[in-house]
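Novice: Heads up: the sequence shown begins at 1 in our numbering, then just goes up one per residue. Even for Gly, the Cβ is constructed at its ideal location relative to N, Cα and C. As the structure is a computational prediction, the values presented were derived from the model and not from experiment. This is the structure, below, for whatever I ask next.
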Amino acid sequence: MPAFHIQHLLPAALALALSAAAPACAADERLFVTGITLLDPGHEANPRTRDATLVIADETIVYAGPSGSAPPSDGARVIDGTGLTAFPGLTDMHVHVWDEAELGAYLAHGVTSVRNMSGMPFHLELAERIARGELDGPRLLTSGPILNSAGANQQINHQIVETAQEARAAVAAQHAAGFARLKTYSNLRRQAYEAIRDEAEQRQMHLTGHTPEGERRPGMPRDIPFSIAFEEILDDGFETIEHAESILWHGLSDRQDDAAAKALALRIAQSGTPVTPTLLAHHNLVMVARTKGAYAARAGTETLNPVTQQTEAEYIALWSRQEPTAHAAKDLWLGRFTAMLDEAGVTLVTGSDAGIFTNIPGQSLHDELALMVRGGLAPLRALRASTTNIAKVLDEEQTSGCLSQGCLADIVLTRCDPAETIRCSREIEAVIARGRYHDRQALDTLLESARHPNSERTLRNLMAGMEAQGTPLDPAALGL
Numbered sequence: 001m002p003a004f005h006i007q008h009l010l011p012a013a014l015a016l017a018l019s020a021a022a023p024a025c026a027a028d029e030r031l032f033v034t035g036i037t038l039l040d041p042g043h044e045a046n047p048r049t050r051d052a053t054l055v056i057a058d059e060t061i062v063y064a065g066p067s068g069s070a071p072p073s074d075g076a077r078v079i080d081g082t083g084l085t086a087f088p089g090l091t092d093m094h095v096h097v098w099d100e101a102e103l104g105a106y107l108a109h110g111v112t113s114v115r116n117m118s119g120m121p122f123h124l125e126l127a128e129r130i131a132r133g134e135l136d137g138p139r140l141l142t143s144g145p146i147l148n149s150a151g152a153n154q155q156i157n158h159q160i161v162e163t164a165q166e167a168r169a170a171v172a173a174q175h176a177a178g179f180a181r182l183k184t185y186s187n188l189r190r191q192a193y194e195a196i197r198d199e200a201e202q203r204q205m206h207l208t209g210h211t212p213e214g215e216r217r218p219g220m221p222r223d224i225p226f227s228i229a230f231e232e233i234l235d236d237g238f239e240t241i242e243h244a245e246s247i248l249w250h251g252l253s254d255r256q257d258d259a260a261a262k263a264l265a266l267r268i269a270q271s272g273t274p275v276t277p278t279l280l281a282h283h284n285l286v287m288v289a290r291t292k293g294a295y296a297a298r299a300g301t302e303t304l305n306p307v308t309q310q311t312e313a314e315y316i317a318l319w320s321r322q323e324p325t326a327h328a329a330k331d332l333w334l335g336r337f338t339a340m341l342d343e344a345g346v347t348l349v350t351g352s353d354a355g356i357f358t359n360i361p362g363q364s365l366h367d368e369l370a371l372m373v374r375g376g377l378a379p380l381r382a383l384r385a386s387t388t389n390i391a392k393v394l395d396e397e398q399t400s401g402c403l404s405q406g407c408l409a410d411i412v413l414t415r416c417d418p419a420e421t422i423r424c425s426r427e428i429e430a431v432i433a434r435g436r437y438h439d440r441q442a443l444d445t446l447l448e449s450a451r452h453p454n455s456e457r458t459l460r461n462l463m464a465g466m467e468a469q470g471t472p473l474d475p476a477a478l479g480l
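Structure (C-alpha cells):
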C-alpha cells in the first residue's frame with residue numbers, strides 16, 4: 001500500500017444533493033420490479049431465483065421471490081426488469097471522499113455504502129443529513145482522524161500521538177466529537193497504540209486501519225524484527241485490517257513466500273479478524289508505471305478532486321518513471337495471497353482506496369472485484385466480500401447485504417449476471433438506494449455532476465477539519 005502524500009488529507013463532505021437527477025420514484029412509493037433474476041450472494045449453494053419480483057416499501061424489501069407468489073401490485077409503481085439481474089448494493093469499505101460531487105459516481109456505479117477512512121467533524125454532520133434524507137448519496141460510515149506516531153509513514157493530516165497520555169486524550173476527543181471508529185496507522189509506538197486499543201474497548205469504539213509496527217528502525221524487517229509483531233494485533237478486536245500489501249510487509253517481513261503466507265492466513269482466520277485487501281492500491285501504481293503515466297488520465301479520472309490531483313502530481317510523476325516488472329510480479333502475488341486468505345476462511349471485505357492517487361470513485365470498486373477474481377476468487381465469492389461479508393462485519397446480517405424480506409432496499413440491477421462473469425457488475429441498468437429508484441438516465445446525470453468537484457469547498461472543509469483536529473493547516477503547505 002503506497003505512502004500517498006495526501007491520501008488521508010481530505011476525505012471531504014460525503015453527501016450529494018440530487019436536485020439535478022431526481023430518482024424515478026421516491027422512497028415512500030411502493031415499488032414492484034418484475035421479471036428479474038434475484039442474485040443473493042449470501043445463499044452460496046443456490047444464489048439465484050429466476051423470474052422473480054421485488055417489492056419495496058418504506059426503504060425496505062417487503063417481498064423478494066418468484067413472480068407467481070408476489071402480492072398484488074395495485075397502486076404501486078411497476079417496473080419491468082425482464083432480463084436484468086438484481087443483487088445487493090455494493091459497499092466500499094475504504095474510500096477517501098474529497099467533495100460532495102463525487103458521491104454521484106459511487107451511486108452511479110452501484111456503491112450504496114462507503115466507509116470513509118480519515119474523518120473530520122463535517123463527515124459526521126453529512127452522515128446525519130444523508131440518514132435523514134436531506135442529501136442523497138451512499139450511506140456514510142467514517143473513522144475519525146488517523147492516529148499515528150512520527151516516522152516513515154507520517155502524513156500531514158495525521159493526529160500524531162507519541163505517549164499513552166496523548167493517545168488517550170486523542171481518543172477521548174474523537175469520541176466526544178461523535179466518531180465511532182478509530183483508525184490506526186503503521187508508525188504508532190507501542191505505548192500509544194496500546195492506550196488507543198484499551199480506550200477503544202472501554203468506549204465501545206471500533207478499531208480499524210493499518211497494523212501498528214512501532215518505531216521503524218534500520219534493518220527492519222529483514223534483519224531485525226518489528227517493535228510490535230503482527231501476531232500481537234490479531235487478538236485486539238480490529239473491525240478490519242487494511243491492505244494485503246501491509247500484511248505482506250508487517251506479517252511476512254516483505255517476503256512473497258507462499259508457504260509462510262498460507263500459514264499466516266490460517267492464523268488470521270483463527271483470530272476472526274476481517275481483512276480489506278485493497279488490491280487496487282498497488283495495482284494502479286503498476287498501471288501508471290506500465291503506461292508511463294498515461295493511465296492517470298484515463299476515462300473517469302475527471303471525477304477525482306482537482307485538489308487531490310494537484311497534490312498527487314509529483315507522486316504520479318514518480319511512478320511514471322518506475323520500471324514496472326518487479327512491481328507487476330508483486331501485484332499478481334498480492335492477488336494470489338488474497339485467494340489464500342479466502343481459502344483459509346478469513347472474512348474478506350472490499351475496499352478500493354478510491355479518491356486518492358488515480359483511484360476513481362465508484363469505478364474502483366469494480367476494479368477491485370476484478371482483481372480479486374484474477375487472484376483466484378470465484379465471482380460469487382468476490383460479490384460476497386462486497387455484500388454479505390460486510391453485513392457480517394458490521395453486525396447487520398438481517399438488514400443489509402441481502403435480498404429478502406426486511407432487508408434495506410439497496411439494490412443494483414445489471415444487464416448480465418456478475419456471478420457468472422464479474423465484469424457484469426459494471427453493466428448497471430438501475431440502482432435502488434434506500435428505496436429510491438435511479439434509472440440509467442438518472443445515473444448518467446450523477447456521473448456528469450461528479451465531473452465537476454468544487455475545489456473551494458474542498459479547501460474550506462479541509463481547513464475547518466484540521467482546525468478542529470488541533471493542527472491548523474496553511475494551504476501553502478499543500479502547494480496550493
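Could you name the residues of the same chain whose beta carbon sits closer than 8 Å to that of residue 221, not counting the 5 residues immediately before and after it, in chain order?
Specialist: Within the sequence shown, residue 221 is the residue found at index 221, counting from 1. Once the five neighbours on either side are set aside, the close Cβ partners of residue 221 are 249, 250, 253, 254.
Novice: The alpha helix (DSSP H) that contains residue 461, what's its start and end?
Specialist: Here the question's residue 461 lines up with position 461 in the sequence shown. Segment 455-469, the alpha helix (DSSP H) holding residue 461.
Novice: Would you call the region 75-95 in contact with the region 399-411, where contact means no fewer than 3 C-beta pairs closer than 8 Å?
Specialist: Contact holds: three or more Cβ-Cβ distances are below 8 Å.
Novice: When the Cβ atoms of the region 315-335 are set against those of the region 119-137, are three or more pairs found closer than 8 Å?
Specialist: Too few Cβ pairs lie closer than 8 Å, so no.
Novice: Going along the chain, which unbroken runs of the beta strand (DSSP E) with 3 or more residues stay wholly within the region 141-208?
Specialist: As far as the region 141-208 is concerned, its whole beta strand (DSSP E) runs of at least 3 residues are 181-184.
Novice: Rounded to the nearest angstrom, what separates residue 85 and residue 132 at their Cα positions?
Specialist: Residue numbering aside, residue 85 sits at position 85 when the sequence shown is read from its first letter. Residue numbering aside, residue 132 sits at position 132 when the sequence shown is read from its first letter. The straight-line gap from Cα to Cα measures roughly 29 Å.
Novice: Could you compute how far the alpha carbon of residue 390 sits from the alpha carbon of residue 307?
Specialist: Position 390 of the sequence shown, counted from the first residue, corresponds to residue 390. Position 307 of the sequence shown, counted from the first residue, corresponds to residue 307. Cα-Cα distance, rounded: 31 Å.
Novice: Out of 75, 200, 81, point me to the one whose CA is closest to residue 36's CA.
Specialist: Walking along the sequence shown from the start, residue 36 turns up at place 36. The option with the nearest alpha carbon to residue 36 is 81.
Novice: From residue 256 to residue 226, what distance separates their C-alpha atoms?
Specialist: Counting from 1 along the sequence shown, the entry for residue 256 is found at position 256. Counting from 1 along the sequence shown, the entry for residue 226 is found at position 226. Distance between the alpha carbons of residue 256 and residue 226 is about 17 Å.
Novice: Can you list, in chain order, the residues of its chain whose CB lies under 6 Å from that of residue 110, leaving out five sequence neighbours each side?
Specialist: Position 110 of the sequence shown, counted from the start, is the residue given in the question as residue 110. Correct list, in chain order: 90, 412, 428, 431.
Novice: Counting beta carbon pairs with one atom in the region 367-374 and one in the region 314-325, are three or more of them shorter than 8 Å?
Specialist: Segments in contact, no.
Novice: CB residue 105 to CB residue 447, shorter than 8 Å?
Specialist: Looking up residue 105 in the sequence shown gives position 105. Looking up residue 447 in the sequence shown gives position 447. Yes; because the gap between Cβ atoms is below 8 Å, this pair is in contact.
Novice: How big is the Cα-Cα spacing for residue 462 and residue 99?
Specialist: Walking along the sequence shown from the start, residue 462 turns up at place 462. Walking along the sequence shown from the start, residue 99 turns up at place 99. Looking at the two C-alpha atoms, the distance is approximately 10 Å.
Novice: By the 10 Å Cβ neighbour count, where 16 or more other Cβ atoms means buried, how is residue 217 classified, buried or exposed?
Specialist: For the purposes of this step, residue 217 is taken as residue 217 along the sequence shown, with counting starting at 1. So residue 217 counts as exposed.
Novice: Does the pairing of the region 340-357 with the region 277-286 give three or more beta-carbon distances under 8 Å?
Specialist: Yes, the region 340-357 touches the region 277-286.
Novice: How far does the alpha helix (DSSP H) with residue 325 in it extend, from its first residue to its last?
Specialist: Residue mapping note: residue 325 aligns to position 325 of the sequence shown, counting from 1. First-last of the alpha helix (DSSP H) with residue 325: 324-344.
Novice: When the Cα atoms are used, what is the spatial distance from residue 259 to residue 290?
Specialist: Looking up residue 259 in the sequence shown gives position 259. Looking up residue 290 in the sequence shown gives position 290. One C-alpha to the other measures close to 29 Å.
Novice: So, with DSSP's three-state summary, where would you put residue 251?
Specialist: Here the question's residue 251 lines up with position 251 in the sequence shown. Three-state DSSP puts residue 251 in a helix.
Novice: Which runs of the beta strand (DSSP E) at least 3 residues long sit entirely within the region 356-426? Give them in chain order.
Specialist: Whole beta strand (DSSP E) segments, 3+ residues: 411-414.
Novice: Excluding the 5 residues preceding and the 5 following residue 152 in the sequence, name in chain order all residues of the same chain whose CB lies nearer than 7 Å to its CB.
Specialist: As a first step, residue 152 is located in the sequence shown; it is residue number 152 there, counting from the start. If we look at residue 152 and ignore the five residues flanking it on each side, its Cβ neighbours are 187, 216.
Novice: Secondary structure at residue 293, three-state DSSP: helix, strand or coil?
Specialist: As a working note, residue 293 is residue 293 in the sequence shown. Looking at residue 293 - three-state DSSP - the assignment turns out to be coil, as it is neither helix nor strand.
Novice: Is residue 88 helix, strand or coil when you go by DSSP?
Specialist: On the sequence shown, position 88 is the one that residue 88 refers to. The answer is strand: DSSP assigns residue 88 an E or B state.
Novice: Can you give me the start and stop residues for the alpha helix (DSSP H) that residue 444 sits inside?
Specialist: For the purposes of this step, residue 444 is taken as the residue at position 444 of the sequence shown. Residues 440-450.
Novice: Leaving aside the five residues before and after residue 240 along the sequence, list all residues of the same chain whose C-beta is less than 7 Å from its C-beta, in chain order.
Specialist: If you number the sequence shown from 1, residue 240 lands on position 240. Cβ neighbours of residue 240 beyond the five flanking positions: 93, 208, 274, 275, 276, 349, 393.
Novice: Could you pull out every residue in the same chain whose Cβ sits closer than 8 Å to the Cβ of residue 66, ignoring the five residues on either side in sequence?
Specialist: Along the sequence shown, one-based indexing puts residue 66 at 66. For residue 66, where only same-chain residues beyond five positions count, the Cβ hits under 8 Å are 49, 51, 52, 53.
Novice: Throw me the rounded Cβ distance for the residue 320 and residue 286 pair, which I believe falls under 8 Å.
Specialist: By 1-based counting over the sequence shown, the position of residue 320 is 320. By 1-based counting over the sequence shown, the position of residue 286 is 286. So it is not a contact: roughly 12 Å between Cβ atoms.
Novice: Please check the pair residue 78 and residue 95, which I expect to be a contact at CB under 8 Å, by giving their CB distance rounded to whole angstroms.
Specialist: Against the sequence shown, residue 78 aligns to sequence position 78. Against the sequence shown, residue 95 aligns to sequence position 95. So it is not a contact: roughly 35 Å between Cβ atoms.
Novice: Taking the Cβ atom as the reference point for each residue, do residue 211 and residue 301 lie within a distance shorter than 8 Å?
Specialist: Here residue 211 is taken as the residue at index 211 of the sequence shown, counted from 1. Here residue 301 is taken as the residue at index 301 of the sequence shown, counted from 1. Their beta carbons are not under 8 Å apart, which means residue 211 does not touch residue 301 by this criterion.
Novice: In or out: residue 69 buried (at least 16 other Cβ within 10 Å) or exposed?
Specialist: As a first step, residue 69 must be located in the sequence shown, where it is residue number 69. Per the 10 Å Cβ criterion, exposed.
Novice: Quick test of your reading: residue 71 and residue 63, contact by CB under 8 Å. State the CB separation rounded to the nearest angstrom.
Specialist: As a working mapping, residue 71 is identified with position 71 in the sequence shown. As a working mapping, residue 63 is identified with position 63 in the sequence shown. So it is a contact: roughly 6 Å between Cβ atoms.
Novice: Classify residue 199: buried if its beta carbon has 16 or more other beta carbons within 10 angstroms, exposed otherwise.
Specialist: Position 199 of the sequence shown, counted from the start, is the residue given in the question as residue 199. Residue 199 should be labelled buried.
Novice: Buried or exposed: which applies to residue 159, given that a residue is buried once 16 or more other Cβ atoms fall within 10 Å of its Cβ?
Specialist: Along the sequence shown, read from residue 1 onward, the residue named residue 159 stands at position 159. Buried, since its Cβ has 16 or more Cβ neighbours within 10 Å.
Novice: With a 10 Å radius around its C-beta and 16 neighbouring C-beta atoms as the bar for buried, classify residue 438 as buried or exposed.
Specialist: Along the sequence shown, one-based indexing puts residue 438 at 438. By the 10 Å Cβ count, residue 438 comes out buried.
Novice: Using 8 Å for Cβ pairs, my map puts residue 189 next to residue 149. What's the rounded Cβ distance?
Specialist: The count along the sequence shown starts at 1 and reaches residue 189 at position 189. The count along the sequence shown starts at 1 and reaches residue 149 at position 149. Confirmed, about 5 Å.
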